[in-house]
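Trainee: Sharing a structure with you now.
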Amino acid sequence: MRMMPVNITFIGTAAGLPTPERGLPAVLLDCDGDYLLLDCGEGTQRTMMQQGFGLCRRMRIFITHLHGDHVFGLPGMIQTMNLLNRVHPLEVYGPLGLKEFLEDSTFSTMSEPVFPIKVHEVAHGRVLSCKAYSVEAASAEHVVPDLAYRFEFGGSAGRFRLAKAEALGIKEGPLRSELKAGRSVILPDGRRVEPAEVLSSPIPGIAVVYTGDTRRCRSVVDLARGADLLIHEATFGADLAEYAAEQGHSTASDAAEVAKEACAKRLIMTHISARYPDPEVLVREARAVFAETDAAKDLARYVLKR
Ligand SMILES: [Zn+2]
Ligand SMILES: [Zn+2]
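My numbering puts the first residue of the sequence shown at 16, with every later residue one more than the last.
Structure follows, in structure tokens:
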């Protein structure tokens, strides 16, 4: 199966306060025309237009938490989609409270969606699985309920090899289901069978992990295990490490520690405080821990392919 590349565009990379160089947080993943928008800071829809991304296309939006810098772009996005006569349904995922925010903000501004919209309030665990990709969420550590997401594109579990199963005397039924799900089983005669004995090698997909705002935390390390790309917030540098922890944020070296512990292949830091107009100091601090690190810039594009 041919694996489509994942195109990543940083729409906005600021933390809280926009600057002339950095817009409010949003990242767009585009895999063969499927758009996944991660957070939606103010003005996201305009930047997407400027970059040639159609607002009437197939799109899902994933919100990490309900701080204004990550969601104030949503009502504006919906209003713009209304005016563009969007017909495709829009699905929005995020923590508890997202539905109320969207209903209140669009109702009180007379910009309720005229196209189908479905809001999914999600928590830790599998969020969705479709033909092109799957999404998992984990709770991150911030000052309000907060999620990080893992997106897996393409790839597949190992195929079940019927002839092997029959040769081992495994009959159709729950034992086969367990093995297909990657779990070892004990046969009625006491033999133990490992999944690798009856499954072909799995094909790895492309994994991207995105944190909104978070302290350095174990759940993100687990979520980012082996990811091709970790997009992690790095609001501050070592000079403000204590303040970062108090505010539920990470420093550059925190983000790098997470990438290193998770054995991620690459780290891109985003959500950069306006205190660092030149993020070089953050890059230096992070690379001392994890060499494959860069700081995101607005409109920077990356391509991941297998
Ligand atoms: Zn933020
Ligand atoms: Zn926040």
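All C-beta atoms, glycine included, are put in the ideal place defined by N, C-alpha and C. The model shown is predicted, which means the values in this text are computed figures rather than measured ones.
How should Ala29 be labelled, buried or exposed, when 16 other C-beta atoms within 10 angstroms of its C-beta is the threshold for buried?
Mentor: With 16 or more Cβ atoms within 10 Å of its Cβ, Ala29 is classed as buried.
Trainee: Rounding to the nearest angstrom, what Cα-Cα distance links Asp243 and Val107 in this structure?
Mentor: About 24 angstroms.
Trainee: Express the C-alpha separation of Leu70 and Thr62 in angstroms, rounding to a whole number.
Mentor: Approximately 11 angstroms between the Cα atoms of the pair.
Trainee: Nearest to Cys278 by CA position, among Gly184, Ala178 and Val223, is which residue?
Mentor: Ranking Gly184, Ala178 and Val223 by Cα distance to Cys278 puts Val223 first.
Trainee: Determine, using beta carbons only, whether Gly170 and Pro128 come nearer to each other than 9 angstroms.
Mentor: No, Cβ-Cβ distance for Gly170 and Pro128 is not below 9 angstroms.
Trainee: Near Gly197, what residues of its chain come up, given a Cβ to Cβ distance below 6 angstroms and the 5 sequence neighbours on each side ignored?
Mentor: Cβ neighbours of Gly197 beyond the five flanking positions: Pro210.
Trainee: State the CB to CB distance for the pair Thr266 and Ala249, rounded to an integer number of angstroms; the pair is presumed to be in contact (CB under 8 angstroms).
Mentor: So it is a contact: roughly 6 angstroms between Cβ atoms.
Trainee: Using the C-alpha atoms, what's the distance from Gly241 back to Thr308?
Mentor: Going by the C-alpha atoms only, they are around 15 angstroms apart.
Trainee: Taking the alpha carbon of Arg380 as the reference point, which residue from Gly184, Ile78, Leu99 and Phe25 has its own alpha carbon closest?
Mentor: A question about residue 380 goes unanswered here, because the residues of the chain that appear run from 16 up to 321.
Trainee: What do you get for Tyr258, buried or exposed, if any count of 16 or more other CB atoms within 10 angstroms of its CB means buried?
Mentor: By the 10 Å Cβ count, Tyr258 comes out exposed.
Trainee: By DSSP, does Phe68 sit in helix, in strand, or in coil?
Mentor: It is coil, neither helix nor strand.
Trainee: When we look at the beta-carbon of Cys55 and count the other beta-carbons within 10 Å, is it buried (16 or more) or exposed?
Mentor: With 16 or more other Cβ atoms within 10 Å, it is buried.
Trainee: Just to confirm my understanding: we take Glu276, look at its own chain, exclude 5 residues before and 5 after, and list those with CB closer than 7 angstroms. What are they?
Mentor: Val236, listed in sequence order.
Trainee: Confirm the yes/no value for this check: CB of Pro40, any heavy atom of ligand 1, distance under 8 angstroms.
Mentor: Flag set: Cβ of Pro40 near ligand 1.
Trainee: Is Arg165 helix, strand or coil by DSSP?
Mentor: If DSSP states are grouped into helix, strand and coil, Arg165 belongs with the strands.
Trainee: Which residues does DSSP pair with Thr24 in a beta bridge?
Mentor: According to DSSP, Thr24 bridges with Leu43 and Arg316.
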